[in-house]
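**Q** Here the working numbering is used: the first residue of the sequence shown is 264, the next is one more, and so on.
Just so you know, even glycine gets a beta-carbon here, dropped at the ideal spot from N, CA and C.
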Amino acid sequence: MTDGNDNTFETPCVGIFWGLPAEQGKRGRIIVTDRTPIGEAEAYGDCLTHERGHYEVWEGWQALGPAELHRRGLSATIAFYEYEHFPRGRVVYNKTAERYVIYADRWLQNETDVAEIVRQFGLGNETWSLKSDDHYRVAIRP
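1) From glutamine 325 to histidine 333, what distance separates their C-alpha atoms?
2) Out of Leu337, Glu374, Ile341, Asn357, which one is the CA nearest neighbour of asparagine 389?
3) With a threshold of 7 Å on Cβ separation, who are the neighbours of histidine 317 within its own chain once the five nearest residues in sequence on each side are excluded?
4) Rounded to whole angstroms, what is the Cα-Cα separation between tyrosine 366 and lysine 289?
5) Return the residue from the list Gly282, Glu273, Cys276 that minimises the CA-CA distance to asparagine 373.
6) Going by C-alpha to C-alpha distance, which of Ile301, Glu273, Gly291, Gln287 sits closest to threonine 375?
7) Rounded to a whole number of angstroms, what is the C-alpha to C-alpha distance between histidine 313 and glutamate 331?
8) Using only alpha-carbon positions, find the residue among Leu327, Trp391, Arg315 that is nearest to isoleucine 341.
9) Taking C-alpha atoms, which residue in Ala339, Gly323, Glu322, Trp321 lies nearest to proline 329?
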C-alpha cells in the first residue's frame with residue numbers, strides 16, 4: 264500500500280518511511296510512508312513487518328516521474344534523489360516484547376518527526392519504542 268504522507272491509519276501499521284525536505288518556502292520535513300495494517304503484516308522472526316523494502320518502494324515511486332508523484336500526493340523530490348539520500352526508517356511490531364519499534368535515522372529522532380511517524384502509523388494508543396539502526400543512517404545532515 265503506497266500511500267504518501269497525508270493519511271493516518273486508525274489501525275496500527277508497520278512499514279517504512281523517509282523524512283524529506285518540506286515544500287519550498289516551508290520549514291521542517293515531511294514524512295512519506297509505505298505502510299501495511301498490522302493484520303496484514305508478514306512474520307519475520309519475532310516480529311511482524313512490512314513486506315517491501317526502501318529500495319523497492321523508492322524505485323517504484325521514481326518510475327512514476329515528478330508529475331505523477333505530485334498527483335499522488337508525494338513529493339516530486341523523490342524523482343531526483345536515490346533512496347538513501349534522505350533519513351529513513353522502519354516500524355515493526357515485536358511480538359515477544361508486545362510493542363512497536365520505530366527504527367529511525369538519528370536526524371528523525373526529534374519530537375516533531377517522531378510525533379508525525381507515530382500519527383501516520385496509527386501508534387497513538389499503542390506501546391512503542393524508538394531505536395537507532397545502522398541500516399537507517401545518512402552520512403550528511405539532510
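**A** According to the structure shown:
1) 11 Å
2) Residue 389 is actually glutamate in this sequence, not asparagine. Comparing Cα positions, the closest option is Asn357.
3) Ile279, Tyr346, Arg351
4) 26 Å
5) Gly282
6) Gly291
7) 24 Å
8) Leu327
9) Ala339
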